[in-house]
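Numbering (the working numbering), first residue to last: 2 to 501.
Glycine is no exception: its CB is placed at the ideal position from the N, C-alpha and C atoms.
Everything numeric in this text was worked out from a predicted model, so none of it was measured.
One structure is given below, encoded as structure tokens.
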Amino acid sequence: MRGIVHQVPKRAVSSFFKPTSSHLSVFQRILPIMPTATQTRAVQLTSKSYSTTPRINGGRLMDAIHSTCEFGQAHRYGDHCTETGMNRLSLNDDDKKVRLWLIDQVKAIGCSVTVDQMGNIFAVRPGKTKTDAPPVYMGSHLDTQMTGGRYDGILGVQAALEALRTLHDNNVETEGPIGLVNWTNEEGARFPMVTVSSGVWAGVVPLETAWNCREITAPAGAQPQSMKEELQRIGFLGETPASHEATPMAAHFELHIEQGPILEQEREKIGVVVGAQGYSWYEVTVRGRDSHAGTTPLAARRDAVLAAAKMIVASNAIAHECEGVITTAVVNSAPGTINTIAHTARFTLDIRHPKAAALATMVDKCQKAFAKIATEDSARGVEVVWTCLTENAPVVFHPDCVAAIEQAAEEEVGAGTALHTAAVAGEQGQTDKKLWRPIWSGAGHDSCNASKQCPAGMVFTPTRDGMSHTPTEYCSPEDCILGAQVLLGAVLRFDAARKL
2 MRGIVHQVPK
12 RAVSSFFKPT
22 SSHLSVFQRI
32 LPIMPTATQT
42 RAVQLTSKSY
52 STTPRINGGR
62 LMDAIHSTCE
72 FGQAHRYGDH
82 CTETGMNRLS
92 LNDDDKKVRL
102 WLIDQVKAIG
112 CSVTVDQMGN
122 IFAVRPGKTK
132 TDAPPVYMGS
142 HLDTQMTGGR
152 YDGILGVQAA
162 LEALRTLHDN
172 NVETEGPIGL
182 VNWTNEEGAR
192 FPMVTVSSGV
202 WAGVVPLETA
212 WNCREITAPA
222 GAQPQSMKEE
232 LQRIGFLGET
242 PASHEATPMA
252 AHFELHIEQG
262 PILEQEREKI
272 GVVVGAQGYS
282 WYEVTVRGRD
292 SHAGTTPLAA
302 RRDAVLAAAK
312 MIVASNAIAH
322 ECEGVITTAV
332 VNSAPGTINT
342 IAHTARFTLD
352 IRHPKAAALA
362 TMVDKCQKAF
372 AKIATEDSAR
382 GVEVVWTCLT
392 ENAPVVFHPD
402 CVAAIEQAAE
412 EEVGAGTALH
422 TAAVAGEQGQ
432 TDKKLWRPIW
442 SGAGHDSCNA
452 SKQCPAGMVF
462 TPTRDGMSHT
472 PTEYCSPEDC
482 ILGAQVLLGA
492 VLRFDAARKL
């Protein structure tokens with residue numbers, strides 16, 4: 002037998018590999034940039050001057066971030082009180098504490114609060130005219146990885162809170178309601194379905210499927226709990242239906258750390274996210290034949306590991322060719338003894354590209370290359386089986402949201418601003434250097450689900466060394482504050498321009 006290639010229909014979760022969001026953000030890169038939103042947007046945004054946009058309280062923002070990190074701090078790496086990571090898994094006791102804290106804060110500034118069937122928290126500040134109009138929401142998530150940092154998701158929720166506080170402090174009357182949302186279990190670190198609650202809200206994940214998802218982090222000997230059971234336990238199984246019909250949004254804006262190296266490397270301060278790469282996850286199983294490592298000649302072998310290694314190398318070449326990214330993060334083999342040629346090898350493929358056609362091409366090229374390796378580049382041939390774990394199409398964010406963020410970024414770091422002047426002074430006279438750029442997200446976010454039902458946009462801030470999902474994840478106070486200011490400016494622009 003020279004080689005056999007099979008494809009298996011998509012299944013929700015492989016017995017070999019249970020995906021978590023740590024596989025969602027392994028690398029960020031700039032890809033060919035779309036036209037800017039100001040060139041493509043369908044609706045002209047307001048020309049109103051925002052030179053008097055209220056300034057957020059940066060000290061209060063940073064205090065909120067770090068004081069609430071006491072709920073779940075872990076993995077100390079330095080002497081300063083902020084030099085810890087986080088282990089605040091979704092719906093655990095620390096998550097309950099920070100949720101209750103958040104509700105207290107938004108109620109203190111006059112917001113109404115709703116909790117839906119997935120535990121998503123919606124806080125709304127009324128507008129001056131159409132109080133029954135859908136709110137423009139800001140938000141992200143407060144749950145973390147087991148070895149997470151202090152900024153992933155947390156920055157987005159705390160910046161949204163600070164924006165609401167700033168509007169309250171300055172008695173700003175917005176056209177319509179402005180809201181904050183905290184999405185449940187974005188990370189998927191405890192319950193292995195990433196961005197599941199925004200998915201239920203958007204109608205792409207059935208409620209019962211989400212409720213029945215069981216934790217993968219249960220203590221030894223304990224019965225794994227379902228999301229519904231834990232929502233009930235901590236008191237966050239709301240009565241409001243988890244749907245975009247029950248809780249409509251005029252728009253969804255999200256501030257997030259980049260989780261990649263581009264902004265820091267280019268010495269830029271703000272990323273205006275134009276969209277998120279599509280991705281397909283596969284488990285590839287290579288089957289050969291086990292035999293003695295000492296007595297089996299090379300020409301007589303059906304070595305599953307060797308064939309798998311060649312396939313992984315081939316996938317990397319295809320990623321370069323197609324200007325996408327392909328990652329193998331999990332590899333396994335059997336029987337797993339040092340002197341036996343492996344009869345089975347399994348590995349994962351995470352294939353990503355911002356263009357759907359290019360993503361499909363990458364998958365097709367990998368399948369053809371692997372088939373050729375199985376039949377022509379293995380001594381006695383091997384069998385290849387593909388199993389699709391999940392598929393997510395690329396997302397392009399709404400041009401009006403992107404335009405609002407571009408304008409807010411230009412106001413804060415554009416030519417003539419203090420930040421731009423200071424930066425240009427260090428760039429040897431490069432007066433045309435921009436401190437913001439359009440950028441693609443390499444990772445999935447709740448905004449991707451939200452975009453299926455309302456206009457959505459994202460703001461990125463630099464991440465030190467491009468590191469995230471690690472205790473040492475870091476975004477400077479200056480960049481956190483600037484990102485929050487751009488978020489507020491974008492939301493005010495979108496609010497002023499919408500037709501109520």
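Since residue i is in the alpha helix (DSSP H), which residue starts that stretch and which ends it?
i    : result
W202 : 197-203
T376 : 357-377
R494 : 478-498
R100 : 94-109
I313 : 305-323
N263 : Contrary to the premise, residue 263 reads as Ile rather than Asn in this sequence. I263 -> alpha helix (DSSP H) spans 263-266.
P400 : 400-414
T69  : 59-69
T422 : 419-426
Can you tell me whether residue i is buried or exposed, with buried defined as 16 or more other CB within 10 angstroms of its CB?
i    : result
D133 : exposed
T388 : buried
E231 : buried
I271 : buried
K129 : exposed
P249 : exposed
R494 : buried
D80  : exposed
G73  : buried
I482 : buried
K49  : Any answer about K49 is weak, because its pLDDT of 48 lies below 50 and its placement is not dependable; what the coordinates show is given next. So K49 ends up on the exposed side.
E322 : exposed
L436 : buried
V314 : exposed
Q118 : buried
K108 : exposed
G140 : buried
C214 : buried
V332 : exposed
Quick one: is residue i near chain D, going by C-beta distance under 8 Å?
i    : result
G417 : Absent here is chain D; the protein component of the structure consists of one chain.
Tell me residue i's beta-bridge partners as DSSP assigns them.
i    : result
Y280 : R353, N393
T328 : D351
I540 : The requested residue 540 is not part of the displayed model; the chain covers only 2 to 501.
H257 : F461
H293 : T341
S334 : A346
Q74  : M87
A252 : V137
T286 : R347, V386
V275 : Answer is none; V275 lacks a bridge partner.
Considering Cα atoms alone, identify which of the options is closest to residue i.
i    : options                : result
E240 : N333, A219, L208       : L208
M459 : S469, G445, P472, I122 : G445
D457 : G111, L256, L101       : Contrary to the premise, residue 457 reads as Ala rather than Asp in this sequence. Taking only the C-alpha atoms, the option nearest A457 is L256.
E265 : Y475, Q486, G79, Q278  : Y475
T473 : K131, N393, G150       : G150
S218 : F192, P242, F237       : For the record, residue 218 in the displayed sequence is Thr; it is not Ser. Comparing Cα positions, the closest option is F192.
L390 : W282, T349, D365, L90  : W282
V125 : V116, P136, D117, K131 : P136
T286 : A243, L238, H344       : H344
F461 : R347, Y152, I339, N88  : Y152
A375 : T362, A346, R353       : A346
G490 : V116, N88, L165        : L165
K311 : A277, A301, Q368       : Q368
V206 : W441, A243, E163       : A243
G177 : R215, K435, A251       : A251
T167 : I313, T297, Q106, A75  : Q106
F398 : N333, A309, P355, L238 : P355
E174 : H293, T54, G236        : T54
I155 : A309, C455, V487, V182 : V182
G261 : R77, V492, A485, S469  : S469
I339 : H169, G295, A416       : G295
I342 : A301, G180, E216       : A301
How would you write the range of the beta strand (DSSP E) that residue i sits in, first residue to last?
i    : result
S448 : Looking at the DSSP string, S448 is not in any beta strand (DSSP E); the run it does join, the alpha helix (DSSP H), is 447-451.
T54  : Counting along the chain, T54 falls outside any beta strand (DSSP E), and DSSP gives it neither H nor E.
T473 : Note, T473: premise wrong, no beta strand (DSSP E); not H, not E.
T115 : 113-116
R438 : 437-442
Taking 7 Å as the cut-off, is the beta-carbon of residue i closer than that to any non-hydrogen atom of the ligand MN?
i    : result
N213 : In the structure on display, the ligand MN does not appear, and there are no ligands present to speak of.
Tell me the start and end of each unbroken beta strand (DSSP E) in the region 120-162 that is at least 3 residues and wholly inside, in chain order. 122-126, 137-141
Which runs of the alpha helix (DSSP H) spanning at least 4 residues fall entirely within the region 182-249, listed in chain order? 197-203, 208-212, 228-235
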